[in-house]
Structures are given as C-alpha cells and as structure tokens.
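All remarks here apply to the structure that follows.
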C-alpha cells in the first residue's frame, strides 16, 4: 500500500508539472481569446501540446538519472524505466501535434505554405525542428519495435540528448525571429528552465553518473552451469551491496 501511494504521488507530480505550461499559457497569454476561429484555435492547440510535449521530454531525462529518491517513489529502477518509456511515447505524440496543426491551419487555403512546415528549406529554425522530430520518431521506434543487444540500444538512446538539443535550438531560433513572449509573458524564461533541466539531467547521466556513483566490487567465488543458466556466487571485496529483495541491479563483469 505504501509503494502504491508513493507511485500515485509520483504520477500526480508528473501530471502537475506537465500542466504548468498550460496554466501559464492561459494565465499570461491570450488564453481563451485565441479560440475565436478555426485557424487561431488549431494554432493555439499546437502550441499547448508542444509545450506539454517538451516538458515531458525533459522529464524523461530526469527519470533516467537513477536518482535513488525517484526509484523509491516508483518502487524500483525497472518501474522508473517503465514510466520513462511511457512519458517518452506521450511526449512524441504531443510533439507531433504542432507541425500537424500548423499544416491543418493553412489547408486548403494555402497548401504551398502548409508544405513549408513539412519540407526542408533554407529556413534553419524549421529545418532544426524537422530534424529533431524525425530523430525522436526513429529513436522511439527503435526502442518500441526493434530487438537489439542492450549496449547497441543504449548507444542509440544516447542520441536523444542531441534530439533534445536540436529541439531547444528550434524553439529559441523560431521565437527569436518574432516576439519571444508572443506565446505567453515569460515564455522564454519557462523554455530556458525546461531546456536547462533536460540538458542537465542528460549531461549528468551521460558524463557524471558513472563517476559519482561508487560501485560495489565483488569477486567471483564459484560458477555452476545448469543447462542454459549459470549460478554465479560472488563475495564482496569491501562492504557488501545493500539491497532489497527483487531489486534491479547493473552488473559489469
């Protein structure tokens, strides 16, 4: 019951964090006044879904840091990775909406302009957004629908940081061409905070985590082979690893 309560609390926090940009959009932006016609409504929904998607995208990096308190909330690292995968899939779906809605906004009145949002051009911010979206689609597809050895999958998964960085450049370069706060007042501050959290969490996981976590060193005492399985008995060289029954663990031989 205790773990269930913690998990519910964890999902509640994720939901509330994802709704922060929605609150800011309605509170400090044009709000419901933007939903006056088809074009404005579609454009506004694209902005809202995109903001939620980028927020969840940043949270996926936080969940991959292996921070102990996060593991305790969701009941173990394997459960955290399930949440990580769910958020990644939802983030992808939401991030798909802005370009789709932009296209729908100009169809059928201006099909050439609608196509500009889907095709590469000389417009760098748009190209960065297209590359980021395609990269995210490919990496999520690899995770969900392909089977490969863990170390190869892990290598491909590390490119999510590059995808997120491209999305960050897209956001700031596009907004730099017009008013930075035209989505809502203080938008650039919020976008900067989300970008910083996502990039910091990714950088920690990729460069600092293995250097900061102290590994428990064991020596192999005995190996027994039983058909297709091995029983490996280990003895600690120093303090034994503190663990709970059923806990997920990474082992490097």
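Numbering (my numbering), first residue to last: 1082 to 1334.
The C-beta atom is built at its ideal place from N, Cα and C for all residues, glycine as well.
Here the structure is a predicted model, which is why all the values come from computation and not from measurement.
Which of helix, strand or coil DSSP assigns to residue i
i            : result
residue 1300 : strand
residue 1157 : coil
residue 1305 : strand
residue 1166 : helix
residue 1110 : strand
residue 1265 : strand
residue 1180 : helix
residue 1087 : helix
residue 1095 : helix
residue 1149 : helix
residue 1216 : helix
residue 1240 : coil
residue 1235 : helix
residue 1189 : coil
Whole-number beta carbon distance between residue j and residue i, since they are thought to touch under 8 angstroms
i            : j            : result
residue 1205 : residue 1247 : Rounded, the Cβ-Cβ distance is 11 angstroms, inconsistent with contact.
residue 1329 : residue 1159 : 5 angstroms
First and last residue of the uninterrupted beta strand (DSSP E) at residue i
i            : result
residue 1227 : Run containing residue 1227: none; DSSP gives neither H nor E here.
residue 1313 : 1310–1317
Range of the contiguous alpha helix (DSSP H) that encloses residue i
i            : result
residue 1141 : 1119–1144
residue 1200 : Per DSSP, residue 1200 belongs to no alpha helix (DSSP H) and is neither H nor E.
residue 1290 : 1290–1293
Burial state of residue i, where buried means 16 or more other Cβ atoms lie within 10 Å
i            : result
residue 1323 : exposed
residue 1091 : buried
residue 1067 : The chain is shown from 1082 up to 1334; residue 1067 falls before or after that span and cannot be answered.
residue 1110 : buried
residue 1125 : buried
residue 1271 : buried
residue 1231 : exposed
residue 1326 : exposed
residue 1120 : exposed
residue 1319 : exposed
residue 1155 : buried
With contact counted as at least three CB pairs below 8 angstroms, one residue from each stretch, are the stretch 1138–1147 and the stretch 1274–1286 in contact?
-> Taking 8 angstroms as the limit for Cβ pairs, the verdict is that the stretch 1274–1286 does touch the stretch 1138–1147.
Indicate whether the contact test is met: 3 or more Cβ pairs, each with one atom in the stretch 1132–1143 and one in the stretch 1182–1200, closer than 8 angstroms.
-> Two segments are said to touch when three or more pairs of C-beta atoms, one from each, lie closer than 8 angstroms; by this definition the stretch 1132–1143 does not touch the stretch 1182–1200.
Given 8 angstroms, three or more beta-carbon pairs between the stretch 1086–1100 and the stretch 1112–1119 | Flag = no, the stretch 1086–1100 and the stretch 1112–1119 do not touch.
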